[in-house]
Amino acid sequence: MKALLRLVPGLWLTLLVAAPLALVAVLALSWQADGVPPYEPPWAGQGLNPDNLRLLLEDPHYRDSLLQSLVVAALTGGLCLLLAAPMGIGIARAGRWRNVLLAAVLLPFWTGFLIRIGAWIGLLRDEGWINAVLRALGLTQDPIPLLYTDGAMLLGMVHAYLPFAVLPIFAAATRLDPALEEAAADLGATPGHSFLTVTLPQLLPALAAAFLLVFIPAAGEYVIPELLGPPDATLVGRVVFQEFFQNRDWPVASALALALLALLTGPILLYQRLGRAG
Amino acid sequence: MTPRLVRVLLWAGLAFLWLPVALLVAYAFSASPVPFRWGGFSLRWFAALAANDRLLEAAWLSLRIAAGSATLATLLGGALGWVLARHGPFNGRALLGTLAGTPLVLPEVVTGLSLLLLFVALEGATGWPAGRGALTVLLAHATLGTAYAAVVIQSRLATRDRDLEEAAQDLGATPAAAFATVTLPLMAPALAAGWLLAFTLSLDDVVLASFTSGPSGTTLPVALFSMLRLGMTPEVNALATLLLVAAALTLALVGLLLRRRD
Numbered sequence: 001m002k003a004l005l006r007l008v009p010g011l012w013l014t015l016l017v018a019a020p021l022a023l024v025a026v027l028a029l030s031w032q033a034d035g036v037p038p039y040e041p042p043w044a045g046q047g048l049n050p051d052n053l054r055l056l057l058e059d060p061h062y063r064d065s066l067l068q069s070l071v072v073a074a075l076t077g078g079l080c081l082l083l084a085a086p087m088g089i090g091i092a093r094a095g096r097w098r099n100v101l102l103a104a105v106l107l108p109f110w111t112g113f114l115i116r117i118g119a120w121i122g123l124l125r126d127e128g129w130i131n132a133v134l135r136a137l138g139l140t141q142d143p144i145p146l147l148y149t150d151g152a153m154l155l156g157m158v159h160a161y162l163p164f165a166v167l168p169i170f171a172a173a174t175r176l177d178p179a180l181e182e183a184a185a186d187l188g189a190t191p192g193h194s195f196l197t198v199t200l201p202q203l204l205p206a207l208a209a210a211f212l213l214v215f216i217p218a219a220g221e222y223v224i225p226e227l228l229g230p231p232d233a234t235l236v237g238r239v240v241f242q243e244f245f246q247n248r249d250w251p252v253a254s255a256l257a258l259a260l261l262a263l264l265t266g267p268i269l270l271y272q273r274l275g276r277a278g
Numbered sequence: 001m002t003p004r005l006v007r008v009l010l011w012a013g014l015a016f017l018w019l020p021v022a023l024l025v026a027y028a029f030s031a032s033p034v035p036f037r038w039g040g041f042s043l044r045w046f047a048a049l050a051a052n053d054r055l056l057e058a059a060w061l062s063l064r065i066a067a068g069s070a071t072l073a074t075l076l077g078g079a080l081g082w083v084l085a086r087h088g089p090f091n092g093r094a095l096l097g098t099l100a101g102t103p104l105v106l107p108e109v110v111t112g113l114s115l116l117l118l119f120v121a122l123e124g125a126t127g128w129p130a131g132r133g134a135l136t137v138l139l140a141h142a143t144l145g146t147a148y149a150a151v152v153i154q155s156r157l158a159t160r161d162r163d164l165e166e167a168a169q170d171l172g173a174t175p176a177a178a179f180a181t182v183t184l185p186l187m188a189p190a191l192a193a194g195w196l197l198a199f200t201l202s203l204d205d206v207v208l209a210s211f212t213s214g215p216s217g218t219t220l221p222v223a224l225f226s227m228l229r230l231g232m233t234p235e236v237n238a239l240a241t242l243l244l245v246a247a248a249l250t251l252a253l254v255g256l257l258l259r260r261r262d
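Here the protein sequences line up with chains W and Y, keeping their order.
Heads up: the first sequence begins at 1 in UniProt numbering, then just goes up one per residue.
Heads up: the second sequence begins at 1 in UniProt numbering, then just goes up one per residue.
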């Protein structure tokens with residue numbers, strides 16, 4: 001029984017987590033081929049193919065998609081942090097309303113992100129709500145193009161990932177000792193000063209965890225750039241889809257996935273370390 | 001930050017989270033065929049939704065995949081959480097823990113691509129699974145759900161000490177009886193929470209389903225995604241409203257389950 005409890009999940013994870021990742025690495029070193037499936041593995045006769053990975057470094061299309069993804073993910077993480085820090089602290093200090101407010105942050109997360117993206121499409125369209133308000137106020141005659149821009153994409157990402165950032169900050173803020181801030185105030189610190197010198201340093205690990213919790217999934221995001229971003233926002237998630245489904249170049253798609261994973265390894269390890277410490 | 005500033009920013013953040021959703025729901029009851037334009041109160045888009053066979057079929061498929069994958073995930077995640085929390089050190093524990101945590105941190109595109117490659121390679125080598133569809137989506141979702149369920153269950157078990165089980169055994173219960181009458185009831189809220197989490201993840205997933213489903217396995221999120229690609233229709237508003245109500249009820253249920261046991 002004891003062995004079975006370890007064996008069954010162990011086998012499942014080996015087959016459906018470890019083996020698939022190993023396959024991505026194999027595919028990244030394979031050859032594109034006409035056929036089903038459209039690739040030839042290294043052991044079929046041609047040996048290892050270094051071109052897919054080399055292409056990522058040499059072709060600006062792929063290189064830029066990786067860089068652009070990291071920039072967008074970092075911007076999303078930073079903006080989420082700015083919004084989430086006061087929210088997490090505020091909820092932690094809300095007394096008996098704490099659980100209600102926490103549910104209010106989590107419920108949109110629980111409703112599915114597609115719906116929230118749909119809401120932004122409705123708001124940002126040329127005939128949408130925001131343009132209607134701007135016109136009614138006389139601020140513009142013609143609709144301002146808002147949808148399918150970098151701004152819309154970033155807005156959607158921040159909206160989708162904000163709850164992820166609130167949770168760790170909230171959890172850390174509940175563990176803060178209010179006596180420390182009171183002591184700082186008694187010793188003459190202004191509220192702003194005591195926040196910067198007493199509260200913020202204690203929250204730093206949680207802020208870092210919140211940033212990474214947004215940054216890691218945002219770096220591979222596919223759906224939001226596709227629905228809200230401009231057509232030329234070639235983030236790596238989108239390029240993986242294009243290479244895989246449109247160009248049927250499975251080896252290059254796998255090489256991109258592998259590169260994304262390599263770039264995220266540092267952040268992932270750092271996040272896990274922060275999680276253990278907190 | 002002063003308490004007042006924190007409060008103002010908190011409400012601003014909540015407004016940012018909720019305003020688009022609130023408007024979405026409000027305009028679901030508008031008669032206008034233009035989304036987000038008021039044309040008088042009407043339930044016509046809910047009626048249109050009820051007549052949309054393609055969407056209903058996708059919703060039914062999604063519910064079945066979500067229920068099946070959540071059940072599998074709870075069984076596997078329950079075993080994993082138990083082993084990681086209670087078996088102490090054993091050979092391969094670190095590896096098992098790492099494998100269990102990996103799906104939590106992998107970007108969705110990487111997970112989706114890797115699983116598709118596995119299914120294609122497996123089919124090439126053994127003939128199974130024959131093609132891709134509901135079954136392969138279910139396996140993909142069960143794998144992701146297992147990782148999440150294991151975390152929920154492991155952390156629940158880690159906060160409950162073993163005294164109660166040991167007391168039951170001291171009083172003459174067999175290990176199996178102690179498990180059934182003491183441990184399982186203690187684990188039940190975490191199992192339920194894990195199931196609901198896996199269920200929700202499955203119902204919300206576009207990327208894994210896009211990779212691992214064939215033309216026969218269009219889930220609700222995938223259908224919604226292709227609708228949203230073409231823009232927005234009031235039907236989406238109505239659908240979103242129904243999903244929101246379902247999510248609110250689910251969250252309330254989870255809250256009740258976890259509170260009742262604490």
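Even for Gly, the Cβ is constructed at its ideal location relative to N, Cα and C.
Quantities reported herein were computed from a predicted structural model and do not represent experimental measurements.
Distance between residue j and residue i (C-alpha atoms, nearest Å)
| i | j | result |
| --- | --- | --- |
| W:Leu-134 | Y:Ala-22 | 20 Å |
| W:Phe-215 | W:Pro-38 | 33 Å |
| W:Tyr-271 | W:Asp-177 | 24 Å |
| Y:Tyr-148 | Y:Pro-103 | 9 Å |
| W:Tyr-161 | Y:Ala-167 | 45 Å |
| W:Leu-21 | Y:Val-110 | 8 Å |
| W:Gly-47 | Y:Phe-90 | 39 Å |
| Y:Arg-93 | W:Gln-202 | 33 Å |
| W:Ala-262 | W:Leu-66 | 11 Å |
| W:Gly-35 | W:Val-24 | 19 Å |
| Y:Phe-16 | W:Phe-113 | 14 Å |
| W:Pro-225 | W:Pro-108 | 20 Å |
| Y:Val-25 | W:Leu-16 | 39 Å |
| W:Ala-103 | Y:Leu-56 | 29 Å |
| W:Gly-10 | W:Leu-167 | 30 Å |
| W:Asn-49 | W:Pro-41 | 9 Å |
| Y:Ser-244 | Y:Val-222 | Reading off the sequence shown, one finds Leu at residue 244 of chain Y, where the question assumed Ser. Distance between the alpha carbons of Y:Leu-244 and Y:Val-222 is about 18 Å. |
| Y:Leu-5 | W:Leu-154 | 25 Å |
| W:Arg-96 | W:Glu-182 | 21 Å |
Assigned secondary structure, residue i (DSSP; H/G/I helix, E/B strand, else coil)
| i | result |
| --- | --- |
| W:Phe-170 | helix |
| W:Ala-31 | Before going on, a small fix: residue 31 of chain W reads as Trp here, not Ala. Here W:Trp-31 sits in strand by DSSP. |
| Y:Ser-30 | strand |
| W:Gly-77 | helix |
| W:Tyr-222 | coil |
| W:Tyr-148 | coil |
| W:Gly-188 | coil |
| Y:Gly-13 | helix |
| W:Gly-47 | coil |
| Y:Ile-206 | It should be noted that the sequence gives Val, not Ile, for residue 206 of chain Y. In this structure, Y:Val-206 counts as coil in the three-state DSSP scheme. |
| Y:Phe-36 | coil |
| Y:Thr-233 | coil |
| Y:Thr-250 | helix |
| W:Gly-118 | helix |
Neighbourhood of residue i by C-beta distance below 7 Å, restricted to the same chain and skipping five residues each side
| i | result |
| --- | --- |
| W:Arg-63 | Leu-56 and Leu-57 |
| W:Ala-185 | Ser-194 |
| W:Leu-27 | Tyr-39, Trp-250, Pro-251 and Ser-254 |
| Y:Pro-33 | Pro-234 |
| W:Ala-259 | Leu-56 and Leu-66 |
Residues bridged to residue i [DSSP beta-bridge criterion]
| i | result |
| --- | --- |
| W:Glu-40 | W:Trp-31 |
| Y:Phe-41 | Y:Ser-30 |
Close beta carbons around residue i, own chain, < 6 Å, minus the five adjacent residues each side
| i | result |
| --- | --- |
| W:Phe-170 | Gly-88, Ile-91 and Ala-92 |
| Y:Ala-59 | Leu-220 |
| Y:His-141 | Ser-69 and Ser-202 |
| W:Leu-213 | Phe-164 |
| W:Glu-243 | Asp-249, Val-252 and Ala-253 |
| Y:Leu-80 | Ala-100 and Ala-150 |
Expected contact under 8 Å - CB spacing of residue i and residue j to nearest Å
| i | j | result |
| --- | --- | --- |
| Y:Ala-180 | Y:Ala-100 | Contact flag wrong, Cβ pair sits at about 25 Å. |
| W:Ile-115 | W:Leu-228 | The pair is not a contact, with the Cβ atoms about 14 Å apart (cut-off 8 Å). |
| W:Ala-165 | W:Ala-84 | 4 Å |
| W:Pro-230 | W:Thr-149 | 6 Å |
| Y:Ala-28 | Y:Ala-246 | Rounded, the Cβ-Cβ distance is 14 Å, inconsistent with contact. |
| Y:Phe-36 | W:Gly-128 | 6 Å |
| Y:Gly-194 | Y:Val-152 | 4 Å |
| W:Val-239 | Y:Phe-225 | Not quite, the Cβ-Cβ distance comes to about 18 Å (not below 8 Å), so this is no contact. |
Residues near residue i by beta carbon distance below 8 Å, same chain, minus five either side
| i | result |
| --- | --- |
| Y:Leu-138 | Ile-65, Gly-68, Ser-69 and Leu-72 |
| Y:Ala-192 | Val-254 and Leu-257 |
| Y:Leu-115 | Thr-136, Leu-139, Ala-140, Thr-143, Leu-208, Phe-211 and Thr-212 |
| W:Pro-145 | Asp-126 |
| W:Gly-275 | Ala-209 |
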